[in-house]
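These protein sequence lines are chains A and B, in that order.
Okay, so the first sequence: first residue is 4 according to our numbering, each after it adds one.
Okay, so the second sequence: first residue is 134 according to our numbering, each after it adds one.
Even for Gly, the Cβ is constructed at its ideal location relative to N, Cα and C.
The structure displayed is predicted, hence computed values, not measured ones.
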Amino acid sequence: MQLEITTKGAVVVIGIRGDMTAVTGGAIEDAYRGMTRDGARKILFFFAKDCYINSGGIAILIGIASASRKNGQSIRAAGLSDHFQKIFNMMGLTKYVAIFSTEEEALKDF
Amino acid sequence: MDPDKKIEIHIPSVPGFEKVAMESAASVARGMGFSGDRIEDLKTAVAEACINAMEHGNRMDAETKVGVTLTIGDAKLQVDVQDQGKGVGEVATPDVDVKMEGKEKTRGWGIFLIKSLMDDVQFGAAPEGGGLVRMIIHLDR
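So this is what it looks like as structure tokens:
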């Protein structure tokens with residue numbers, strides 16, 4: 004998995020390529036803790052279309068979404084394939100993490 | 134069943150190898166004419182079943198294997214995922230609200246996804262021993 008962290012105005016964007024699983028998710032958790040320490044309040048997860056995401060990876064995201072509520076942060080997700088948008092909906096995760104087709108749409112929503 | 138229509142794969146109980154089974158199932162389904170959406174459903178279900186077999190059935194013992202058998206029917210594909218342990222049984226439907234509140238661990242979605250994405254799912258024991266998950270996906274659904 005490759006992570007690319009950039010800042011777009013007040014939003015910290017975590018770009019994710021490759022496999023998002025329980026095995027690789029630790030790197031995302033570390034990145035989240037780091038940006039939280041640095042004061043990030045708006046966080047966007049941007050997934051490459053060909054990401055492989057399994058339930059262990061989604062569980063990592065649920066953990067971060069849960070922590071973000073306690074930390075007073077807003078979280079969005081973008082770039083997911085139609086399949087993973089469906090999966091996030093089925094799980095009910097979209098109640099807590101709004102998903103958008105493009106990065107631009109997600110940035111506008113913050 | 135025509136043996137030519139059965140494909141067997143054995144993967145080690147090491148995370149990441151589920152992608153071998155996942156891509157094999159996708160390749161077979163593509164050849165059978167399944168739509169792209171249904172192939173994505175199949176990929177997720179096969180991956181989750183393999184991960185469950187590694188974690189719960191084989192206890193992540195890298196010496197053990199997960200067996201995946203793809204059986205091509207006239208208008209359906211059956212995928213059997215077999216471990217060398219006791220498999221994994223039915224579990225309560227996970228609740229994202231409870232997980233968000235931190236009242237239970239965030240994992241535990243695999244069976245929910247398998248049952249949501251496949252047309253028929255059975256959990257049981259293989260005749261030769263080990264846990265077995267049988268998943269069927271139909272071409273006309």
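When secondary structure is reduced to three states using DSSP, R79(A) falls in the strand class. Around the beta carbon of T24(A), 16 or more other beta carbons lie within 10 angstroms, which makes this residue buried.
In the DSSP assignment, A158(B) falls outside any beta strand (DSSP E) and lies within the alpha helix (DSSP H) extending over E151 to M165. Taking 9 Å as the cut-off, the Cβ atoms of A178(B) and I270(B) count as close. Within chain B, no C-beta atom comes less than 7 Å from the C-beta of S71(A); the nearest is roughly 10 Å away.
Scanning chain B for C-beta atoms nearer than 8 Å to the C-beta of L96(A) yields V229, reported in chain order. Three or more pairs of CB atoms, one per stretch, sit closer than 8 Å, so the segment 59-68 of chain A contacts the segment 18-32 of chain A. Rounded to whole angstroms, the Cβ separation of I46(A) and Q76(A) is 6 Å, and the two are in contact under 8 Å. Sorting K11(A), T105(A), H86(A) and S58(A) by C-alpha distance to the C-alpha of K238(B) places S58(A) at the top.
Look at T39(A): its C-beta is not under 9 Å from any C-beta on chain B. When only Cα atoms are considered, A80(A) and G241(B) end up about 22 Å apart. Within chain B, no C-beta atom comes nearer than 9 Å to that of S77(A); the closest sits roughly 15 Å away. Judged by their CB atoms, T39(A) and A13(A) are not nearer to each other than the 9 Å cut-off. Taking the Cβ atoms as the reference, Y99(A) lies roughly 5 Å from A68(A), within the contact range of under 8 Å. Annotation: Cβ neighbours of E173(B) in chain A (cutoff 7 Å, chain order): H86. In the displayed model, A43(A) falls within coil according to three-state DSSP, outside both helix and strand. DSSP places M268(B) in the strand class (E or B) of the three-state scheme. Residue state for K89(A) is assigned as helix, using DSSP reduced to three classes. Using a 10 angstroms sphere on the CB of N191(B), the tally of other CB atoms reaches 16 or more, which defines it as buried.
With fewer than 16 other CB atoms across the displayed protein chains lying within 10 angstroms of its CB, Q255(B) is exposed.
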